[in-house]
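Asks: Reading the sequence shown from the start, the letters are residues 5 to 685 in the working numbering.
Dropping a structure here in structure tokens format, bear with me for questions.
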Amino acid sequence: MTPQERIAELTDRLNFYNYQYYQNSISEVDDFTFDQLLAELADLENKHPELRRPDSPTSRVGGTVSKEFSTVYHRFPMLSLGNTYSEEDLVEFDNRVRKGLNGQEYEYVCELKFDGVALSLTYENGVLVQGATRGDGVRGDDITNNIRTIRTVPLRVTGPDIPALFEVRGEGFLPLAEFERINKEREDIGEPLLANPRNAASGTFKQQDSAAVARRRLDCYLYSFLSEPEVFQTHEDSLVALKKWGFNVSQTWRKCADIREVMTFINEWETKRFDLPLGTDGIVIKVNRYDQQRELGYTAKSPRWAIAFKYKALAASTVLNDIRYQVGRTGAVTPVAMLTPVLLAGTIVKRASLHNANEIERLGVMLNDTVFVEKGGEIIPKITGVDLNRRTDQSTPIVYPTTCPACGTPLVRKEGEANFYCPNEKGCPPQRQTRFEHFIQRRAMNIESLGEGKIELLIDRGLAQTPADLYSLTYNDLLGIEKVFLDEETGKRRVVSFREKTVENILSAIERSKAQPFQNVLFALGIRYVGNTTAEKLADYFGSMDAIMTASQEALLAVPDTGPRIAESVVTWFADADNRDFVERLRAAGLNFAGEKKVVEREGDTLDGKTFLYTGTFANFSREELEARIAANGGKVLSGISKKLNYLIVGENAGPSKLEKAQKLNVPMISEDEFLAMLDA
Ligand code: IVH
5 MTPQERIAEL TDRLNFYNYQ YYQNSISEVD DFTFDQLLAE LADLENKHPE LRRPDSPTSR
65 VGGTVSKEFS TVYHRFPMLS LGNTYSEEDL VEFDNRVRKG LNGQEYEYVC ELKFDGVALS
125 LTYENGVLVQ GATRGDGVRG DDITNNIRTI RTVPLRVTGP DIPALFEVRG EGFLPLAEFE
185 RINKEREDIG EPLLANPRNA ASGTFKQQDS AAVARRRLDC YLYSFLSEPE VFQTHEDSLV
245 ALKKWGFNVS QTWRKCADIR EVMTFINEWE TKRFDLPLGT DGIVIKVNRY DQQRELGYTA
305 KSPRWAIAFK YKALAASTVL NDIRYQVGRT GAVTPVAMLT PVLLAGTIVK RASLHNANEI
365 ERLGVMLNDT VFVEKGGEII PKITGVDLNR RTDQSTPIVY PTTCPACGTP LVRKEGEANF
425 YCPNEKGCPP QRQTRFEHFI QRRAMNIESL GEGKIELLID RGLAQTPADL YSLTYNDLLG
485 IEKVFLDEET GKRRVVSFRE KTVENILSAI ERSKAQPFQN VLFALGIRYV GNTTAEKLAD
545 YFGSMDAIMT ASQEALLAVP DTGPRIAESV VTWFADADNR DFVERLRAAG LNFAGEKKVV
605 EREGDTLDGK TFLYTGTFAN FSREELEARI AANGGKVLSG ISKKLNYLIV GENAGPSKLE
665 KAQKLNVPMI SEDEFLAMLD A
């Protein structure tokens, strides 16, 4: 088989597996096989970049970095919808439609109004050739490479009745579960939390590094189809066809014979929508027949044949009884509002997030105030305001603590940060406890059988001060210890006890954890800003704990994607005697302190201190090889063009926007041959 044939075969096969997996929930192959085939394809594409197909599944993992998105004009303007908030408004809309259609029969299609970012996808001869944001409706940003990372977006569609050129539009979004996952991770490494899924989605789509986009599992629901000439009679037909062609069409839509059925649909989804995997804020009502849509036409801003019914944000009012201050692993103190229980969107709400001290000030809220709580896209409800009419002299100002609620240490606030921190990293009980939780999690040492109160018990009994103590626990230490936990909210008692089987499980999980790879060990240390991905990069680059422990800030800065904040944090962490002692105890316990170093050995110093970026393809190197050679000779690859860039290496088919930008900033451009000469200098 020629490389071209193999590339074509792998592309089609992997696209099919992907479609089956994401659209039909069928696993045709196991993950390992899939990854192997994908790696084979990536390898072939590296060797023969000219044979890479535009619908290659390797684009799902990203890899392209664009400094600026180019502007694209929409073939058809991307309009917005008129909003209504009441049944009366809706009846008026229906009256206008009836009048506009002069007594013809008509039907509606109702869809959920997804809360994300409007996207436009263009397909030519079945291949996704362009993905764009709405922008100002007339022109948007070309974010094709970012859209290709969405697993449910087909990179190619096939079938007998597919037009040669068409556009589909829909809503790109960050699934709620993914939003929570990302925030959990950010909390773990002390990053500020993302405010809500909509902003997070919009920010992600605008990221310039498509690999970063790929790591956040965005998704997209498609809800309209455009082609010239038109191929469908009705909106319903187009939704059915889109689904059949493999597009991700939310199956929540329904055809409604009249406005009363529309009303029923609206009422049905008022609370059911909270079970969907994404945020929604209303219902979109569309006239079904395309000829009737044309007849009704458009106002300057929006179609006359469609309207959005917006649900009122679900709100309730209740009393703020107390504020609890929670201390996280990094010492950040978060205020949590304790409320008189109230029913909201079908669930009882007892607590709400207050984010930080600034938020309390912004709301002007006092203890015993009656407050409004709302449930938006987020799962945790938030306080949105104070009912000042119901404020009494019972209301007392909230005095933000100046000392840690858990250990009494004076709190500190860093320049420019909204949160207060407890600086007593080692002694503060909740910080100690969450450090254990961090250490045992699956992505770290994977000793999760120690969860749910067991760690607290070990700390309580003085059996473990730091996670390193886990490695000297014995059967006799653990057998028989127990503790009764009292749930303050429910008043229920829970007994945690170490019986024979539990002890055996825990000890064997601790033993097994010694085989966790080096990058997990590095992540488990809990160094601020060293999340999973950073730990992996540091491990790949340095290869061992000793190399990282002794690395200077400058050396750390040479690691891909490692900035001054991470570098400083690593150096400071290892400079601490207790931390070093902790590391030595882990070493003595036999944890993996070295991994496979993935960077080529140092070849020379001809590129020392120089920064590079490349564009296009090269005769002598794949992208990975080029990056490796730069690093091996002391240079560094930057992620975008700036004044700091020393050289732009220009290959075949170089991107015009990069060249333009480099020219503007007077960045020297060199050819592949000139780069080779530099290496040999
Ligand atoms: S149809 C002519 N259908 O709402 C406008 N839009 O205000 C055609 N949206 O920009 C849009 N869910 O981002 C349509 N099922 C749905 C939608 C939807 C969300 C968003 C979309 C659009 C905005 C309109």
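We treat Cβ as the ideally placed atom computed from N, Cα and C, and that holds for glycine.
As the structure is a prediction and not an experimental result, all values here were calculated from the model.
Which word fits M5, buried or exposed, when buried means at least 16 other C-beta atoms lie within 10 angstroms of its C-beta?
Replies: By one-based count along the sequence shown, residue 5 stands at place 1. It is exposed - the Cβ of M5 has fewer than 16 other Cβ atoms within 10 Å.
Asks: Measuring straight from C-alpha to C-alpha, what distance separates Q557 and G567?
Replies: Translated into positions along the sequence shown, residue 557 becomes position 553. Translated into positions along the sequence shown, residue 567 becomes position 563. Those two C-alpha atoms are separated by around 10 Å.
Asks: Go through its chain and collect everything with a Cβ distance to G174's Cβ below 7 Å, but skip five positions before and after it.
Replies: On the sequence shown, residue 174 is found 170 positions in, with the first residue counted as 1. Here the set comprises L123, C224, Y225, L226 and Y227.
Asks: Determine the contact status of N372 and V323, defining contact as a CB-CB distance below 8 Å.
Replies: Walking along the sequence shown from the start, residue 372 turns up at place 368. Walking along the sequence shown from the start, residue 323 turns up at place 319. Yes, the pair counts as a contact, with Cβ atoms nearer than the cut-off.
Asks: Pull the bridge partners of V488 from the DSSP assignment, please.
Replies: Taking the first residue of the sequence shown as position 1, residue 488 is located at position 484. In DSSP, V488 forms a bridge with V499.
Asks: In terms of residue numbering, what span does the alpha helix (DSSP H) encompassing F546 cover?
Replies: The residue labelled residue 546 in the question sits at position 542 within the sequence shown. Note, F546: alpha helix (DSSP H), N536 to F546.
Asks: When the Cβ atoms of the stretch 460–471 are set against those of the stretch 429–437, are three or more pairs found closer than 8 Å?
Replies: Output reads yes: the stretch 429–437 touches the stretch 460–471.
Asks: Relative to ligand 1, is the shortest distance from any of its heavy atoms to the C-beta of A312 smaller than 7 Å?
Replies: Here residue 312 corresponds to residue number 308 of the sequence shown, with the count starting at 1. Correct: A312 has its Cβ closer than 7 Å to ligand 1.
Asks: Quickly, what does DSSP pair L343 with across the bridge? List them, please.
Replies: The residue given as residue 343 occupies position 339 in the sequence shown. Per DSSP, L324.
Asks: Quick check on DSSP: helix, strand or coil for G174?
Replies: The count along the sequence shown starts at 1 and reaches residue 174 at position 170. G174: strand per DSSP, three-state reduction.
Asks: Nearest-angstrom Cα distance between K648 and L669?
Replies: Position 644 of the sequence shown, counted from the start, is the residue given in the question as residue 648. Position 665 of the sequence shown, counted from the start, is the residue given in the question as residue 669. So the two alpha carbons sit approximately 10 Å from each other.
Asks: How would you call S60, buried or exposed, if buried means at least 16 neighbouring beta carbons within 10 angstroms?
Replies: Within the sequence shown, the letter at position 56 stands for residue 60. Answer is buried; the Cβ neighbour count reaches 16.
Asks: Which runs of the beta strand (DSSP E) at least 3 residues long sit entirely within the stretch 612–670? Give them in chain order.
Replies: List check, beta strand (DSSP E) in window: 615–619 and 651–654.
Asks: Using CA coordinates, which residue listed in K458, L490 and S573 is at the minimum distance from L482?
Replies: Numbered from 1 along the sequence shown, position 478 holds the residue referred to as residue 482. Of K458, L490 and S573, the residue nearest in Cα terms is K458.
Asks: Tell me whether S306 counts as near ligand 1, meaning its Cβ is closer than 7 Å to at least one heavy atom of that ligand.
Replies: Mapped onto the sequence shown, residue 306 falls at position 302. Checking the Cβ of S306 against ligand 1 gives yes.
Asks: Can at least three beta-carbon pairs, one atom from the stretch 131–145 and one from the stretch 54–73, be found at a separation below 8 Å?
Replies: Enough Cβ pairs lie closer than 8 Å, so yes.
Asks: Suppose the cutoff is 8 Å on Cβ atoms and the five residues either side in sequence are ignored; what does the same chain contact list for N624 look like?
Replies: Sequence index remark: in the sequence shown, residue 624 carries index 620 (1-based). Contacts found: E676 and L680.
Asks: For a test of your reading of the model: does the CB of K117 fall under 7 Å from any non-hydrogen atom of ligand 1? Yes or no.
Replies: Residue 117 sits at position 113 when you count from the first residue of the sequence shown. Checking every heavy atom of ligand 1 against the Cβ of K117, one is found closer than 7 Å.
Asks: Let's see if you can read the secondary structure: which residues bound the beta strand (DSSP E) around V288?
Replies: The sequence position of residue 288 within the sequence shown is 284, counting from 1. T284 to V291 is the extent of the beta strand (DSSP E) around V288.
Asks: How big is the Cα-Cα spacing for D397 and N325?
Replies: Translated into the one-based positions of the sequence shown, residue 397 becomes position 393. Translated into the one-based positions of the sequence shown, residue 325 becomes position 321. Using only the alpha carbons, I get a separation of about 14 Å.
Asks: Got a sec: does ligand 1 put a non-hydrogen atom nearer than 7 Å to the Cβ of L230?
Replies: By 1-based counting over the sequence shown, the position of residue 230 is 226. Flag unset: Cβ of L230 not near ligand 1.
Asks: Checking 8 Å against the spacing of the C-beta atoms, do I514 and Y475 come in under that value?
Replies: What you label residue 514 is simply residue 510 of the sequence shown in a count that begins at 1. What you label residue 475 is simply residue 471 of the sequence shown in a count that begins at 1. Result yes, Cβ atoms of I514 and Y475 sit closer than 8 Å.
Asks: Drop a sphere of 10 angstroms on the beta-carbon of P479, count the other beta-carbons inside from all chains shown, and report buried for 16 or more, exposed for fewer.
Replies: Along the sequence shown, read from residue 1 onward, the residue named residue 479 stands at position 475. The sequence as given places Tyr at residue 479; Pro does not occur at that position. Exposed.
Asks: When you compare the CB positions of R190 and L180, do they come within less than 8 Å of one another, or not?
Replies: In the sequence shown, the residue the question calls residue 190 occupies position 186. In the sequence shown, the residue the question calls residue 180 occupies position 176. No, Cβ-Cβ distance for R190 and L180 is not below 8 Å.
Asks: So does E1 have its beta carbon nearer than 7 Å to some heavy atom of ligand 1?
Replies: Outside the displayed span of the chain (5 to 685) sits residue 1, for which this structure offers no information.
Asks: Count the other CB atoms, across all protein chains shown, that sit within 10 Å of the CB of T268; report buried if there are 16 or more and exposed otherwise.
Replies: If you number the sequence shown from 1, residue 268 lands on position 264. The residue is exposed, with fewer than 16 neighbouring Cβ atoms inside 10 Å.
Asks: Among L343, T538 and E365, which has the Cα closest to the Cα of F376?
Replies: Position 372 of the sequence shown holds residue 376. Cα-wise, what sits closest to F376 is L343.
Asks: Answer yes or no: do R143 and T75 have a C-beta to C-beta separation smaller than 8 Å?
Replies: Here residue 143 is taken as the residue at index 139 of the sequence shown, counted from 1. Here residue 75 is taken as the residue at index 71 of the sequence shown, counted from 1. Yes, they are a contact pair.
Asks: Hey, which unbroken runs of the beta strand (DSSP E) at 3 residues or more fall wholly within the stretch 364–406?
Replies: Listed in chain order, they are 374–379 and 386–390.
Asks: By Cβ distance below 6 Å, which residues in the same chain neighbour V488 in space, the five residues on each side in sequence not counted?
Replies: As a position in the sequence shown, residue 488 is number 484, starting the count at 1. Closer than 6 Å at Cβ, skipping near neighbours: R497 and V499.
Asks: Going by CA-CA distance only, name the one from Y329, R355, A422 and P385 that's closest to R366.
Replies: Working through the sequence shown from its first residue, we reach residue 366 at position 362. Of the listed residues, the one whose Cα sits closest to R366 is A422.
Asks: Would you check if there are 3 or more beta carbon pairs closer than 8 Å linking the stretch 589–596 to the stretch 511–527?
Replies: Yes, since at least three Cβ pairs between the stretch 589–596 and the stretch 511–527 fall closer than 8 Å, the two stretches touch.
Asks: Does the beta-carbon of T148 have 16 or more other beta-carbons within 10 angstroms, so that it is buried, or is it exposed?
Replies: Here residue 148 is taken as the residue at index 144 of the sequence shown, counted from 1. Buried, since its Cβ has 16 or more Cβ neighbours within 10 Å.
Asks: Apart from the five residues on each side of it in sequence, which residues of its chain come closer than 7 Å, Cβ to Cβ, to V33?
Replies: Here residue 33 is taken as the residue at index 29 of the sequence shown, counted from 1. Excluding sequence neighbours, V33 sits near Y21.
Asks: Looking at N536: is its Cβ nearer than 8 Å to the Cβ of R447?
Replies: Position 532 of the sequence shown, counted from the start, is the residue given in the question as residue 536. Position 443 of the sequence shown, counted from the start, is the residue given in the question as residue 447. Taking 8 Å as the Cβ cut-off, N536 and R447 qualify as a contacting pair.
Asks: What number of angstroms, rounded off, separates the C-alpha of L243 from the C-alpha of L230?
Replies: The residue you call residue 243 lines up with position 239 of the sequence shown. The residue you call residue 230 lines up with position 226 of the sequence shown. Distance between the alpha carbons of L243 and L230 is about 11 Å.
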